[in-house]
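Number of protein chains: 2
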Amino acid sequence: MMSYTIRDVAQRAGVSQSTVSLVINDRTNVSPDTRRRVLVAIEDMEYYPRHSARHLALAKGGSIGFVLTEQFFRVSEPFYTKILLGAEFEAAKQGFYTLLSRAKEPFEYPKDIPRFLLDRSVDGLIVAGRAPKRLLKFIKEKKIPCVLVDFKLPSYNTNHVLIDNLSGSKEAMNHLISLGHQRIGFVAGSSTHPSILERYEGFRQVMKEHYGNSINDIDKLTYLNEEEASPQIGREGALELLRLPDPPTAIFACNDATAVGCYKAAKELGLSIPDDLAIMGFDDVDASTHLDPDLSTVHIYKAELGKEAVRSLVDRLENPDQPLKTKIISTKLIIRGSCGGERTPEINYF
Amino acid sequence: MMSYTIRDVAQRAGVSQSTVSLVINDRTNVSPDTRRRVLVAIEDMEYYPRHSARHLALAKGGSIGFVLTEQFFRVSEPFYTKILLGAEFEAAKQGFYTLLSRAKEPFEYPKDIPRFLLDRSVDGLIVAGRAPKRLLKFIKEKKIPCVLVDFKLPSYNTNHVLIDNLSGSKEAMNHLISLGHQRIGFVAGSSTHPSILERYEGFRQVMKEHYGNSINDIDKLTYLNEEEASPQIGREGALELLRLPDPPTAIFACNDATAVGCYKAAKELGLSIPDDLAIMGFDDVDASTHLDPDLSTVHIYKAELGKEAVRSLVDRLENPDQPLKTKIISTKLIIRGSCGGERTPEINYF
DNA sequence: CTGAAAGCGCTTACAG
DNA sequence: CTGAAAGCGCTTACAG
């Protein structure tokens, strides 16, 4: 198990450690012949530099941290998991390791700080979905390079990778309108999350533009709940709206998990989808294709969000003095069976 | 950003580095008073030992690797992802970091070896689902502590964490039989995977025991496909069996993804579930509750598999000379709406 | 172009 | 119980 070190290689190649190091790190100023001898020795001995030693010498280890709120692991819909996988993929491609940490909620101050931040295991980190303010404050104090994904906080300046929720939402709404719907309901959980707020804003804008609906009209057709978006919330919200004297003919759910609950509500009330009620989701998680009829929704390029986050972070790591950057990733409307219209050909959108 | 080292703490506390180290590592032989002084200095300075330095000095870093075949990331059903999350959870609890690696398929020998194995970033690893033989050989050659999860290879001796597929399969079959089904079909993809073979074996055993069916009878009711289990395969298989002159009244799918395809087939043939056709799955992935009717299936404690894998590995790391161990994790039959019978109360089985 | 030396921040025998 | 010293395996000025 004990294997060769740089010293062994140097000895075998008849050069100094420094020279081997130069070769390993692909520096110039090594004669072709020396380089060759070293390379041969490395090959022969199957030498590979220890990560920990480089890390210590360089004061950086080529690892990035990924912080995800505990709750998002519980959620069955693997939304953030896909972002994580995308991040891990891009990180690996760029030669970085990814370390994962679950942010506790509630967060206790020094106790719950991710260990990899304390022991300097990571060079920087990605925070997805949301994070305790106290943790964010710590990150800022320690000046740890950081990028926020699908999350932002007023006046918290750092790199961001965000979803173009507003455009996605308006596109979805316009589709519904093009199908002739006039009374469209909006059902949302997680109603304080910036992404949900933007989707809501899209809903409102389109309603106003098209029908000049009064705020009051729109409010009647809106169900907002601060609790985590879920099928339960979707069901509640849909039931509430559908029992209105003048119920909506279409419901735009803030995400697919919520839409699942709208299906349940429709079923309970004996409404058939899409004939009696059209439903539109947001996210395009796996569940959407399992529903019957399958759900029209707004696709989010989840893996891509993760990849962009890594690119953003690596960029920051390499150029610390750059201005902060925010990347907005577009969405794609996917028409399936839950609201009529011509189906979008099914391609694998990662 | 530059922060205190053990030397700074020593200076502040008026002791030597060695003493600080002893305190940090909670060793005996430090006078209460000295310990206190050191602790205070650590607190005051918010000192935390660098991971890389400990790693180098100790020749082990408290990280474990998790190897997953590339294909399993593509699969939309997050089966292995949940195992990974469980592993990550337990690892964190035990103070280990988890590093992830995607095993390429096909695997090219030295090129595709996970880097964390080469650069000694991990102390041991967990391999889930399957892995290239050449990689397994490398692991064995290098004597890297390793545990295989939901996978085994004849004569590959190492620690294992496996699913009790045989019992799970027989329990599911017995349930179907208790409902009066006599002609039960078995539809499988990934038919060479040890877990699928065991489920198949359970199917055969029960069929033989109960009806003394001839191998021939059973074979007629069996659809096996070596390709990755999927809805497509499930649909094909179900269609094939359902078009038999004497079609099955129930189908046992090798996993839930396959069962999804069986639903499609039933729908195409105008069969209603569970009245015309009962369907039983295996895995209990999220999709199963989204189906209509929701799928009766055999629950696998995915996170628990991951956790046990970590425990097994840590155990191995701490006691290298122990005998090899195999842990078999039981399953749980969950009755929902796809085959009749009294519903299992829905609890969150993690 | 190459080597000797110091340093990264820890741990661990070994003295005392 | 405590400290001085060496070592873990790299990288990086600095000489030459």
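From first to last, the protein sequence lines are chains A and B. Following the working numbering, the residues of the first sequence are numbered contiguously, the last one being 386. Following the working numbering, the residues of the second sequence are numbered contiguously, the last one being 386. The beta-carbon is built from N, C-alpha and C at its ideal position, and this holds for glycine as well. Bear in mind the structure is a predicted one, so any value in this text is a computation, not a measurement.
- Item | Alpha-carbon spacing of B:L202 relative to B:D319, whole angstroms | Reading the second sequence from its first residue, position 166 is the one you call residue 202 of chain B. Reading the second sequence from its first residue, position 283 is the one you call residue 319 of chain B. About 13 Å.
- Query: Any Cβ of chain A within less than 8 Å of the Cβ of B:L135?
  - Reply: One-based indexing of the second sequence puts residue 135 of chain B at position 99. It does; some Cβ of chain A falls within 8 Å.
- Message: For a minimum of 4 consecutive residues, which ranges assigned as the alpha helix (DSSP H) are wholly contained in the segment 327 to 357 of chain A?
- Response: 338 to 354, all fully within the segment 327 to 357 of chain A.
- Can you list the alpha helix (DSSP H) stretches of 4 or more residues lying completely in the segment 202 to 288 of chain A, in chain order? Counting only runs of 4 or more residues that sit fully inside the segment 202 to 288 of chain A, the alpha helix (DSSP H) segments are 230 to 247, 251 to 256, 267 to 278, in chain order.
- Should B:S374 go down as buried or exposed, given a rule of 16 or more other Cβ atoms within 10 Å for buried? Along the second sequence, one-based indexing puts residue 374 of chain B at 338. Counting C-beta atoms within 10 angstroms of its own C-beta, B:S374 has 16 or more neighbours from the protein chains shown and is therefore classed as buried.
- Task: May I ask you to report which of helix, strand or coil DSSP gives A:Y116?
- Result: For the purposes of this step, residue 116 of chain A is taken as residue 80 along the first sequence, with counting starting at 1. If DSSP states are grouped into helix, strand and coil, A:Y116 belongs with the helices.
- Item | Inter-residue Cα distance where the pair is A:A167 and B:V59 | The sequence position of residue 167 of chain A within the first sequence is 131, counting from 1. The sequence position of residue 59 of chain B within the second sequence is 23, counting from 1. Cα-Cα distance, rounded: 33 Å.
- In the segment 81 to 98 of chain A, which residues sit with their C-beta less than 7 Å from some C-beta in chain B, listed in chain order? Flagged, chain order: Y84, P85, R86, H87, S88, A89, H91, L92, G97.
- Message: Any beta carbon of chain B sitting closer than 8 Å to that of A:V296?
- Response: Numbered from its first residue, the first sequence carries residue 296 of chain A at position 260. Yes, A:V296 counts as interfacial toward chain B.
- Query: Closest to B:S324 by CA distance: which of B:E106, B:R372, B:P359, B:G306 is it?
  - Reply: Taking the first residue of the second sequence as 1, we reach residue 324 of chain B at position 288. Out of B:E106, B:R372, B:P359, B:G306, B:R372 has the C-alpha closest to the C-alpha of B:S324.
- Could you pull the start and end residues of the alpha helix (DSSP H) that A:R72 belongs to? Within the first sequence, residue 72 of chain A is the residue found at index 36, counting from 1. In the DSSP annotation of this structure, the continuous segment of the alpha helix (DSSP H) that includes A:R72 starts and ends at 68 to 81.
- Interfacial residues, the segment 354 to 371 of chain A to chain B, with Cβ spacing under 7 Å: Residues of the segment 354 to 371 of chain A with a Cβ closer than 7 Å to any Cβ of chain B: none.
- Query: Fully enclosed by the segment 85 to 142 of chain A, which alpha helix (DSSP H) runs are 4 residues long or longer?
  - Reply: Counting only runs of 4 or more, we get 87 to 94, 107 to 110, 115 to 129.
- Query: Does DSSP put A:A320 in a helix, a strand or coil?
  - Reply: Along the first sequence, read from residue 1 onward, the residue named residue 320 of chain A stands at position 284. Correcting the residue identity first, residue 320 of chain A is Asp in this sequence and not Ala. DSSP, reduced to helix, strand and coil, places A:D320 outside both helices and strands of the structure shown, so it counts as coil.
- Run of the alpha helix (DSSP H) containing B:I175, from where it starts to where it stops: Position 139 of the second sequence holds residue 175 of chain B. Looking at the DSSP string, the run of the alpha helix (DSSP H) that includes B:I175 is 169 to 177.
- Item | Sub-8 Å separation of B:V334 and B:G204 beta-carbons | Residue 334 of chain B sits at position 298 when you count from the first residue of the second sequence. Residue 204 of chain B sits at position 168 when you count from the first residue of the second sequence. In this structure, B:V334 places its C-beta atom within 8 Å of the C-beta atom of B:G204.
- What three-state label does DSSP hand A:T64 in the structure shown? Position 28 of the first sequence, counting from 1, holds the residue named residue 64 of chain A. In this structure, A:T64 counts as coil in the three-state DSSP scheme.
- Item | Distance, A:G342 Cα to A:L135 Cα | As a position in the first sequence, residue 135 of chain A is number 99, starting the count at 1. As a position in the first sequence, residue 342 of chain A is number 306, starting the count at 1. Distance from the CA atom of A:L135 to the CA atom of A:G342, rounded to whole angstroms, is 14 Å.
- Leaving out five residues on either side along the sequence, give the residues of the same chain with a beta carbon under 8 Å from the beta carbon of B:V51. Here residue 51 of chain B corresponds to residue number 15 of the second sequence, with the count starting at 1. Non-local beta-carbon contacts of B:V51 in its own chain, meaning distances under 8 Å to residues more than five positions away in sequence, involve T70, R73, V74 in chain order.
- Message: Can you give me the C-alpha to C-alpha distance between A:K173 and A:K188, rounded to a whole angstrom?
- Response: In the first sequence, the residue the question calls residue 173 of chain A occupies position 137. In the first sequence, the residue the question calls residue 188 of chain A occupies position 152. For A:K173 and A:K188, the distance between alpha carbons rounds to 13 Å.
- Query: Does the beta-carbon distance from A:L262 to A:S227 come in below 8 Å?
  - Reply: As a working mapping, residue 262 of chain A is identified with position 226 in the first sequence. As a working mapping, residue 227 of chain A is identified with position 191 in the first sequence. Note on residue identity: the sequence assigns Glu, not Leu, to residue 262 of chain A. Yes.
- List the residues of chain B whose Cβ lies closer than 7 Å to the Cβ of A:D155, in chain order. Within the first sequence, the letter at position 119 stands for residue 155 of chain A. Listed by position along chain B, the residues whose Cβ is nearer than 7 Å to that of A:D155 are Y84, P85, R86, H87.
- Item | Selection from A:D330, A:F222, A:I162, A:S308 that minimises the alpha carbon distance to A:P284 | In the first sequence, counting from the first residue as 1, residue 284 of chain A sits at position 248. A:F222 is the residue among A:D330, A:F222, A:I162, A:S308 whose C-alpha sits nearest the C-alpha of A:P284.
- Query: Of all the CB atoms in chain A, is at least one closer than 8 Å to the CB of B:T380?
  - Reply: On the second sequence, residue 380 of chain B is found 344 positions in, with the first residue counted as 1. Under the 8 Å criterion on CB atoms, B:T380 is classed as non-interfacial with respect to chain A.
- Task: For A:K118, I'd like the list of residues in its chain whose CB is within less than 7 Å of its CB, leaving aside the five on either flank, ordered along the chain.
- Result: The sequence position of residue 118 of chain A within the first sequence is 82, counting from 1. Result list for A:K118: K338, A339, in chain order.
- Can you tell me whether A:T258 is buried or exposed, with buried defined as 16 or more other CB within 10 angstroms of its CB? Along the first sequence, read from residue 1 onward, the residue named residue 258 of chain A stands at position 222. Buried, since its Cβ has 16 or more Cβ neighbours within 10 Å.
- Are the segment 294 to 312 of chain A and the segment 150 to 160 of chain A in contact at 8 Å, needing three or more beta carbon pairs? Because the criterion of three Cβ pairs below 8 Å is not met, the segment 294 to 312 of chain A and the segment 150 to 160 of chain A do not touch.
- Following the continuous beta strand (DSSP E) through A:T367, name the residue where it begins and the one where it ends. In the first sequence, counting from the first residue as 1, residue 367 of chain A sits at position 331. According to the DSSP assignment, A:T367 belongs to the beta strand (DSSP E) that extends over 367 to 370.
- Thinking A:I287 and A:A274 are a contact (beta carbons under 8 Å), I'd like their distance in whole angstroms, please. Mapped onto the first sequence, residue 287 of chain A falls at position 251. Mapped onto the first sequence, residue 274 of chain A falls at position 238. Right, the Cβ-Cβ distance comes to about 6 Å (below 8 Å), so this counts as a contact.
- Message: Suppose contacts are defined by Cβ-Cβ distances below 8 Å. Is A:P114 in contact with B:P267 by that definition?
- Response: Here residue 114 of chain A is taken as the residue at index 78 of the first sequence, counted from 1. Here residue 267 of chain B is taken as the residue at index 231 of the second sequence, counted from 1. The Cβ atoms of A:P114 and B:P267 do not sit closer than 8 Å to each other.
- A:C298: first and last residue of the uninterrupted alpha helix (DSSP H) it sits in: The sequence position of residue 298 of chain A within the first sequence is 262, counting from 1. Where A:C298 is concerned, the enclosing alpha helix (DSSP H) stretches over 292 to 304.
- Task: Would you please verify whether the beta carbon of A:N281 is less than 8 Å from any beta carbon of chain B?
- Result: The sequence position of residue 281 of chain A within the first sequence is 245, counting from 1. Reading off the sequence, residue 281 of chain A comes out as Pro, not Asn. No, no contact with chain B.
- Task: Quick one: using the 10 Å Cβ neighbour count with 16 as the cut-off for buried, is B:I251 buried or exposed?
- Result: Position 215 of the second sequence, counting from 1, holds the residue named residue 251 of chain B. Counting the other Cβ atoms within 10 Å of the Cβ of B:I251 gives fewer than 16, which makes it exposed.
- Message: Distance check for A:A224 and B:E79, CA to CA, integer angstroms please.
- Response: Translated into positions along the second sequence, residue 79 of chain B becomes position 43. Translated into positions along the first sequence, residue 224 of chain A becomes position 188. So the two alpha carbons sit approximately 45 Å from each other.
- Sequence-distant residues of its chain with Cβ nearer than 6 Å to A:Y116 (five each side left out): Along the first sequence, one-based indexing puts residue 116 of chain A at 80. Short of 6 Å from the beta carbon of A:Y116, and not among the five residues preceding or following it, lie these beta carbons of its own chain, in chain order: L104, F108, A164, G165.
- Going along chain A in order, which residues have a C-beta closer than 8 Å to the C-beta of B:A323? As a first step, residue 323 of chain B is located in the second sequence; it is residue number 287 there, counting from the start. B:A323 reaches chain A at D322, A323, H326, counting residues in chain order whose Cβ is nearer than 8 Å.
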